[in-house]
Amino acid sequence: MADYGDFSPGVVAELVPKIDYTQPVEEIPLMLVQSTRLPGGNGFVIGLAVCHVLSDGLGSIQFINSWAKLGRGETLEPHELPYLDRTVLKHQHSSTSPSPCFDHPS
Numbered sequence: 001m002a003d004y005g006d007f008s009p010g011v012v013a014e015l016v017p018k019i020d021y022t023q024p025v026e027e028i029p030l031m032l033v034q035s036t037r038l039p040g041g042n043g044f045v046i047g048l049a050v051c052h053v054l055s056d057g058l059g060s061i062q063f064i065n066s067w068a069k070l071g072r073g074e075t076l077e078p079h080e081l082p083y084l085d086r087t088v089l090k091h092q093h094s095s096t097s098p099s100p101c102f103d104h105p106s
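For the sequence shown, the positions run 1 to 106 when the numbering used here is used.
This is how it looks when you write it as structure tokens:
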């Protein structure tokens with residue numbers, strides 16, 4: 001760890017994945033992970049780059065914490081499991097709550 005000093009921005013840049021922003025945006029991965037082994041076999045650093053469209057800060061840290069827990073051989077509690085039911089995002093049309101309608105000038 002002493003080789004990395006105070007983790008200045010130049011040093012931190014070595015520990016996170018490099019992203020080539022010259023590519024078309026649809027070719028940039030939504031998540032990149034980089035593992036860096038520390039000198040002397042005294043541990044490693046996992047650097048993570050996440051597209052904000054994929055997840056916000058809270059979602060990202062929950063993912064990292066769950067990943068670490070599984071990496072330690074622990075199991076996730078029911079409230080820690082991902083919620084993947086996309087049907088909750090569908091609009092439920094009913095006569096009591098009609099869909100909004102807006103007139104647009106031509």
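Using N, Cα and C, we set each Cβ at its ideal position, and we do this for glycine too. Note that this is a predicted model, so its numbers are computed, not measured.
Asked: N- and C-terminal bounds of the beta strand (DSSP E) containing Gln62; Found: Looking at the DSSP string, Gln62 is not in any beta strand (DSSP E); the run it does join, the alpha helix (DSSP H), is Gly57 to Gly71.
Asked: Inter-stretch contact (C-beta, 8 Å, three-pair minimum) for the region 18-33 and the region 49-60; Found: yes
Asked: Where Leu89 falls: helix, strand or coil (DSSP); Found: helix
Asked: Anticipated Cβ contact below 8 Å, Val16 with Gly47, distance rounded; Found: 4 Å
Asked: DSSP-derived helix/strand/coil call for Gly47; Found: strand
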